[in-house]
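Below is one structure, written out as structure tokens; comments come after it.
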Amino acid sequence: MKYLLILGIVMGVLWLLKNKRRLDRDEQTPPPAAKPRTGTQLTTTEIVACDVCHVHLPRSEALTGPKGTYCSAAHRQQAGG
Numbered sequence: 272m273k274y275l276l277i278l279g280i281v282m283g284v285l286w287l288l289k290n291k292r293r294l295d296r297d298e299q300t301p302p303p304a305a306k307p308r309t310g311t312q313l314t315t316t317e318i319v320a321c322d323v324c325h326v327h328l329p330r331s332e333a334l335t336g337p338k339g340t341y342c343s344a345a346h347r348q349q350a351g352g
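Count the sequence shown with our numbering and you get residues 272 to 352, in order.
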């Protein structure tokens with residue numbers, strides 16, 4: 272019985288040492304650099320909010336009026352623009 276206990280302790284110590292060594296190796300290795308995409312370019316889109324209902328939408332889809340930006344013609348008319 273005592274041999275099983277000793278074997279269990281030895282196995283536990285070996286397991287802890289193995290995991291510690293792996294963690295140390297992972298900390299020293301820098302993360303892989305992101306590969307640059309070729310042929311694609313990321314673009315940004317400006318987001319605006321409707322002055323009536325506060326829905327966010329791209330500026331290219333928004334309707335502009337003298338009093339602000341709107342999500343639809345109905346909201347532009349409702350605001351008096």
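Even for Gly, the Cβ is constructed at its ideal location relative to N, Cα and C.
Inset, instruction - Leaving out five residues on either side along the sequence, give the residues of the same chain with a beta carbon under 7 angstroms from the beta carbon of H346. - result: C321, V323 and C324
- Message: Tell me the rounded alpha-carbon separation between G350 and S343.
- Response: According to the sequence provided, residue 350 is Ala. The question's Gly does not apply to it. If I take the Cα positions, the gap works out to 11 angstroms.
Q. Closest by CA to E317, which one among A333, P329, L285 and Q299?
A. P329
Could you give the residue range of the alpha helix (DSSP H) that holds V319?
-> Note, V319: premise wrong, no alpha helix (DSSP H); beta strand (DSSP E) at I318 to A320.
- Could you work out which residue in S331, E332 and Q348 is closest to K338 when comparing CA atoms only? Q348
Next on the checklist: On the CB-based measure, 16 or more other CB atoms within 10 Å of its CB, does A353 come out buried or exposed?
Outcome noted: There is no way to answer for residue 353, as the model of the chain reaches only from 272 to 352.
For G283, three-class secondary structure by DSSP:
helix
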